[in-house]
Amino acid sequence: MPGQGLSPAGRPRAAGGAGGVCPRDRIPGLGGSFRRAGRAGATAAARISRRDGVSPNRLEFATTGATEFVDITPRIRDEVRRTGLRNGRVHLQSLHTTLGLAVNENEPLLLRDFEG
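Everything in the sequence shown is counted per our numbering, starting at 10 for the first residue and increasing by one.
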């Protein structure tokens, strides 16, 4: 059931109002475009080219057991440092069906609970 401010499914939305994204508010990016985040954000985003700030590398590692926890924090930190960025997001993707990614503190007691 749509709430206040939500259109029912399958019906076109009304023309965008305040806060909407217009073509002039977009800057080119890798595989698409990004919305400008105001004057300062637009300037910073415009400085990032297709080659800067993106690390499309694979991190490979071998495991020895059926259930194993591998702390990849140092390797991710090195990749981020290599891009030269100080702010942003890290996106990780598993290319294997039996791999699980989790973000958590490296707490030994918690890891033992997961193994049990």
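Where a beta carbon is used, it is the ideal one built from N, C-alpha and C, also for glycine.
Does the distance from the C-beta atom of residue i to that of residue j stay below 8 Å?
i	j	result
Val99	Ile85	yes
Ser103	Leu94	no
Between which two residues does the alpha helix (DSSP H) holding residue i run?
i	result
Ile85	Thr82 to Thr92
Pro117	Pro117 to Glu124
For the putative contact between residue i and residue j, defined by C-beta atoms under 8 Å, what is the C-beta separation to the nearest angstrom?
i	j	result
Asn66	Glu88	6 Å
Phe78	Leu118	About 12 Å; that fails the 8 Å criterion.
Have a look at the options and flag the residue whose alpha-carbon is nearest the alpha-carbon of residue i.
i	options	result
Thr92	Asp122, Arg121 and Ser64	Ser64
Asn113	Thr73, Thr72 and Phe123	Phe123
Pro83	Leu108, Leu68 and His105	Leu68
Gly125	Thr76, Thr107 and Ala71	Thr76
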